[in-house]
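Notes follow once the structure below has been shown.
Number of protein chains: 2
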Amino acid sequence: MRAARLSFAERGLGIAVHLIADRAGVGMGTLYRHFPSKQSLIDAALAQRLDELQPSIDGALRAADPWDGFAELLLAMVAAQVQDRGFSQMLGPSGTGAISDQLRVRLLRPLERLMLQAQAAGGMRTDLIAGDLPAILRMAGAAAQHAGPPQNWRRHVGLLLDGLQA
Amino acid sequence: MRAARLSFAERGLGIAVHLIADRAGVGMGTLYRHFPSKQSLIDAALAQRLDELQPSIDGALRAADPWDGFAELLLAMVAAQVQDRGFSQMLGPSGTGAISDQLRVRLLRPLERLMLQAQAAGGMRTDLIAGDLPAILRMAGAAAQHAGPPQNWRRHVGLLLDGLQA
DNA sequence: CCACCACCGGAGCGCGCGCTCCGGTTTTCA
DNA sequence: TGAAAACCGGAGCGCGCGCTCCGGTGGTGG
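Residue numbers (my numbering), protein chains in the order written: chain A, 1 to 166; chain B, 1 to 166.
Printed below as a string of structure tokens:
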């Protein structure tokens, strides 16, 4: 499991299964007894990634200003994509990642809550709807899809956030 | 050539070569006598796509207001990505597309010119540099990487543009 | 009319992938 | 202690890819 997450993070979801097995120090048979398919391995890795993201989500939901919380959460999600190339592939071009609906909701629902609160509080422009969030998340993720210092992609996501502000 | 461009546009760069040959009504041998490798086919298709984009580029460079020209050109480039899935893969996650430096410059140089002019004219925020353009282009492209009516991705790119405005 | 030749189609190659399955090894318990 | 059971490793499969190469075919000149 640890080997799989490291491999996905470094090389992306396209990495060969036998490399993961080698890295874990086990054979293919052992790996496939724990995970019936590569997809199940990917799902498990993504679920763990989301669990690790949960504290950031909860923290953002508890922020004093909902707009600040929204910005904070969006940046946290992009940071997760920077650290994990596999995670970023899931949210990228639709179809390649095949993220499950359940996990997708875990990402989008908190953003939706904060968006509505921020709009009500007057911090966010009101011509945005929940359906815009996937696109916003993709745009933010795209900012980080290139090597560079962290302050660079933070600045680029900031440009987008400036466009979302009231 | 026409078959290749249609195939790349509809199915992406990952499409199998023999499907392109079938579509063109020729055999593999004939295809490979004109193009020594799949990559050369991709390069040729991209070059044609850029040629088609040239009028938009020239038009944007001649715009009365450089900021309007910048916005117009960015939207044109995103529109090209919407129509051509292969083109969008080139500008996407680095490494997968392997766009040549020469062609990359053809895209970025006009944007850079307009950016500098717009900044001088006071239409664009001045804390942006030429090195930010690839990220901006990627972010704009990400807005369109999902099925939806054109006015939807135009609006999303508009959000980003609002964040770039002075 | 026919020998020649430039040209073309598609079967077949090597490769790397996800996945399976069988032989060997370790553990368990009467 | 020894047989049975549980477990594990990695060679091997089927597949689809990019690419090659040879047998066949239609056009041409004497």
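Positions of the beta carbon are idealized from the N, C-alpha and C atoms, including for glycine.
Short-range partners of chain B found in the segment 97-117 of chain A, where Cβ spacing is below 9 Å
none
So with CB distances below 8 Å, who are the chain B contacts of M90 (chain A)?
One-based indexing of the first sequence puts residue 90 (chain A) at position 90. In chain order: nothing, as chain B lies at least about 12 Å away.
DSSP three-state assignment for M1 (chain A), whether helix, strand or coil:
Here the question's residue 1 (chain A) lines up with position 1 in the first sequence. Coil.
A45 (chain A) vs R5 (chain A) beta-carbon contact at 7 Å
Sequence index remark: in the first sequence, residue 45 (chain A) carries index 45 (1-based). Sequence index remark: in the first sequence, residue 5 (chain A) carries index 5 (1-based). For the 7 Å CB-CB criterion, A45 (chain A) and R5 (chain A) form a contact.
Closer than 7 Å to chain B by CB, A21 (chain A):
Along the first sequence, one-based indexing puts residue 21 (chain A) at 21. Answer no: the Cβ-Cβ gap between A21 (chain A) and chain B never drops below 7 Å.
Would A140 (chain A) and L91 (chain A) be called neighbours here (beta carbons separated by less than 7 Å)?
Position 140 of the first sequence, counted from the first residue, corresponds to residue 140 (chain A). Position 91 of the first sequence, counted from the first residue, corresponds to residue 91 (chain A). Result no, Cβ atoms of A140 (chain A) and L91 (chain A) do not sit closer than 7 Å.
At which residues does the alpha helix (DSSP H) containing R106 (chain A) begin and terminate?
Indexing the first sequence from 1 puts residue 106 (chain A) at position 106. Element bounds for R106 (chain A): 101-120.
Kindly indicate which residue of A:I99, A:A135, A:D65 has the alpha-carbon position closest to the one of L114 (chain A).
The residue given as residue 114 (chain A) occupies position 114 in the first sequence. For the residues A:I99, A:A135, A:D65, the minimum Cα distance to L114 (chain A) belongs to A:D65.
Using only alpha-carbon positions, find the residue among B:I57, B:A142, B:A47 that is nearest to I99 (chain B).
Residue mapping note: residue 99 (chain B) aligns to position 99 of the second sequence, counting from 1. It is B:A47.
Just mark P150 (chain B) as buried or exposed, buried being the case when its beta carbon has 16 or more other beta carbons within 10 Å.
The sequence position of residue 150 (chain B) within the second sequence is 150, counting from 1. Looking at its Cβ environment, which holds fewer than 16 other Cβ atoms inside 10 Å, P150 (chain B) is exposed.
Output, in chain order, the set of chain A residues within a Cβ distance shorter than 9 Å of Q145 (chain B).
Mapped onto the second sequence, residue 145 (chain B) falls at position 145. Within 9 Å Cβ-Cβ: G92, P93, S94, A135, R138, A142.
How big is the Cα-Cα spacing for K38 (chain A) and A130 (chain B)?
Looking up residue 38 (chain A) in the first sequence gives position 38. Looking up residue 130 (chain B) in the second sequence gives position 130. If I take the Cα positions, the gap works out to 41 Å.
What residue from A:A76, A:D43, A:R125, A:R106 has the CA that sits closest to R154 (chain A)'s CA?
Residue 154 (chain A) sits at position 154 when you count from the first residue of the first sequence. Minimum Cα distance to R154 (chain A) is reached at A:A76.
Could you tell me the alpha carbon to alpha carbon distance between G163 (chain A) and G158 (chain B), rounded to whole angstroms?
In the first sequence, the residue the question calls residue 163 (chain A) occupies position 163. In the second sequence, the residue the question calls residue 158 (chain B) occupies position 158. Answer to the nearest angstrom: the Cα atoms are 8 Å apart.
How would you list, in chain order, the residues of chain B whose beta-carbon sits under 8 Å from the beta-carbon of H156 (chain A)?
In the first sequence, residue 156 (chain A) corresponds to position 156, counting from 1. Here the neighbours are D132, A135, I136, M139.
Is it buried or exposed, M124 (chain A), if we count other Cβ atoms within 10 angstroms and call 16 or more buried?
Counting from 1 along the first sequence, the entry for residue 124 (chain A) is found at position 124. It counts as buried.
Below 8 Å on the Cβ atoms is my contact criterion, and I expect G12 (chain B) with G86 (chain B) to pass it. Report the Cβ-Cβ distance as a whole number of Å.
In the second sequence, the residue the question calls residue 12 (chain B) occupies position 12. In the second sequence, the residue the question calls residue 86 (chain B) occupies position 86. The pair is a contact, with the Cβ atoms about 6 Å apart (cut-off 8 Å).
Do you know how far the Cα of L133 (chain B) is from the Cα of Q145 (chain A)?
By one-based count along the first sequence, residue 145 (chain A) stands at place 145. By one-based count along the second sequence, residue 133 (chain B) stands at place 133. If I take the Cα positions, the gap works out to 13 Å.
Name the chain B residues whose beta carbon is nearer than 9 Å to that of L160 (chain A)?
Taking the first residue of the first sequence as position 1, residue 160 (chain A) is located at position 160. In chain order: M139, L159, L160, G163.
Roughly how many whole angstroms lie between the Cα atoms of N152 (chain B) and L160 (chain A)?
Numbered from its first residue, the second sequence carries residue 152 (chain B) at position 152. Numbered from its first residue, the first sequence carries residue 160 (chain A) at position 160. Roughly 16 Å separates the two Cα atoms.
Residues in its own chain within less than 7 Å of A166 (chain B) by CB, not counting five upstream and five downstream?
Sequence index remark: in the second sequence, residue 166 (chain B) carries index 166 (1-based). Excluding positions up to five away in sequence, the list reads G122, G123, M124, R125.
Look at the Cβ atom of R106 (chain A), then the Cβ atom of L50 (chain A), and state whether they are nearer than 7 Å.
In the first sequence, counting from the first residue as 1, residue 106 (chain A) sits at position 106. In the first sequence, counting from the first residue as 1, residue 50 (chain A) sits at position 50. It is a contact, given that the beta carbons lie within the stated cut-off.
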